[in-house]
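Student: In UniProt numbering, the protein residues as written are 1 to 327. Glycine included, every Cβ here is placed at the ideal spot set by N, Cα and C.
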Ligand code: DGY
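1. Which residue or residues does DSSP assign as beta-bridge partners of residue 271?
2. Any heavy atom of the ligand DGY inside 7 Å of the beta-carbon of residue 118?
3. For a minimum of 4 consecutive residues, which ranges assigned as the alpha helix (DSSP H) are wholly contained in the region 7-94?
4. Please decide whether residue 86 counts as near chain D, where near means a Cβ-Cβ distance under 8 Å.
5. Looking at the strands, I want to know which residues DSSP matches up with residue 179.
6. Does the beta carbon of residue 295 fall short of 7 Å from some heavy atom of the ligand DGY?
7. Residue 115: beta carbon under 7 Å from a heavy atom of the ligand DGY?
8. In whole angstroms, what is the alpha-carbon distance linking residue 239 and residue 274?
9. Does residue 138 pass the burial test, meaning 16 or more other C-beta atoms within 10 Å, or should it be called exposed?
10. Quick check: the region 38-52 against the region 287-295, are at least 3 beta-carbon pairs closer than 8 Å?
11. Classify residue 122: buried if its beta carbon has 16 or more other beta carbons within 10 angstroms, exposed otherwise.
12. Give a single yes or no on whether residue 57 has its beta carbon closer than 7 Å to a heavy atom of the ligand DGY.
13. Under 8 Å between the Cβ atoms of residue 248 and residue 281?
14. Could you give the uninterrupted runs of the alpha helix (DSSP H) lying entirely in the region 208-294, keeping only those of 4 residues or more?
15. Apply the 10 Å Cβ neighbour rule to residue 133 and answer buried if 16 or more other Cβ atoms are within range, or exposed otherwise.
16. Under a three-way DSSP split, which group does residue 154 fall into?
17. For the structure I just gave you, are there three or more beta carbon pairs, one from the region 297-308 and one from the region 87-103, closer than 8 Å?
18. How close, in whole Å, do the beta carbons of residue 264 and residue 237 come, if the pair is a contact with beta carbons under 8 Å?
19. Residues in its own chain within less than 7 Å of residue 109 by CB, not counting five upstream and five downstream?
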């Protein structure tokens, strides 16, 4: 492709060099290379005249944004979630939207088990005591947690990441139940041993599980799915884990639940107003809190960036993307 025909693209965060090298073979690129994220004004200004945008889950791509960018043909989100993008508005403007599914399933599933172990075995609390020099040595009744073996894990959002989490449950001796998709109530989801998991209603999963783990996308239907009412369905001995999106859980309800002993603990990777965390959560040792690290491994983040770049290159080349957002 001659230089004059090369499309222009804006890359809204620093990516790995191998991804930038890949894009550079096909397009002229401007990269936001400061720390933090571009403001919405800067995002518009630097995407103006571009055919492609490589975006992150925190870049808001709505109708108003798209209306200012008549040359835009493709938005490639470096995330599996795409609640930051108004997909219908993009479709109306014939702009392709892509995400990065699958390549992060195992990283997110592994860290879900990290959250489960962290909260049920009180790892955060233990580390804080040790680092503060307050550990007094082995004691029989010190920081006792809950065994996973023989317990039930309830998966809310049995998509690709939810299934990768469930596939590891048997290794911990846990039984898996999951929330049936309201759109596919007759679907049977089968585990790696060929045996179907038990599909239940949302309420039944909340009531029966010892660990509830959330993997639904954020949508108007899932916003505050776990709220003051639904959290009261959980056993007082149960734990809540959120690896989905912050607003799926009403943080104030989790604070009330921990305060009143409605649940045993909560482990969160994502928050309603990132990077702000509800100050009430910080008061509880029974809250195990990590900063949105679900897919944060070198291998997975590289694969996500490269997949976003491949999507960009395909669409700019007039071909279908590798992973279009399902319509
Ligand atoms: C995603 O892909 O949606 C993750 O939250 C990013 O780490």
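Tutor: According to the structure shown:
1. Partner(s): none; residue 271 has no beta bridge.
2. Every heavy atom of the ligand DGY is 7 Å or more from the Cβ of residue 118, so no.
3. Every unbroken stretch of the alpha helix (DSSP H) spanning 4 or more residues and falling wholly within the region 7-94 is given here in chain order: 17-24, 40-47, 63-67, 87-92.
4. The displayed structure is made up of one protein chain only, and chain D is not part of it.
5. The beta-bridge partner set that DSSP reports for residue 179 consists of 200.
6. The answer is yes for residue 295.
7. False, no ligand heavy atom lies under 7 Å from that Cβ.
8. If you take the alpha carbons of residue 239 and residue 274, they lie about 22 Å apart.
9. With fewer than 16 Cβ atoms within 10 Å of its Cβ, residue 138 is classed as exposed.
10. Counting Cβ pairs under 8 Å, fewer than three are found: no touch.
11. Of the other Cβ atoms in all chains shown, 16 or more fall within 10 Å of the Cβ of residue 122; this residue is therefore buried.
12. Relative to the ligand DGY, the nearest heavy atom lies less than 7 Å away from the CB of residue 57.
13. Contact: no.
14. DSSP runs (the alpha helix (DSSP H)) wholly in the region 208-294: 228-231, 251-260.
15. Counting the other CB atoms within 10 Å of its CB gives residue 133 a total below 16, which places it among the exposed residues.
16. In the structure shown, residue 154 sits in a strand (DSSP, three-state: E or B).
17. Yes: the two stretches touch, three or more of their Cβ pairs being nearer than 8 Å.
18. Contact holds; Cβ gap of about 5 Å.
19. Within the same chain, and ignoring the five residues on either side of residue 109 in sequence, the residues whose Cβ sits closer than 7 Å to its Cβ are 161, 164, 165, 168.
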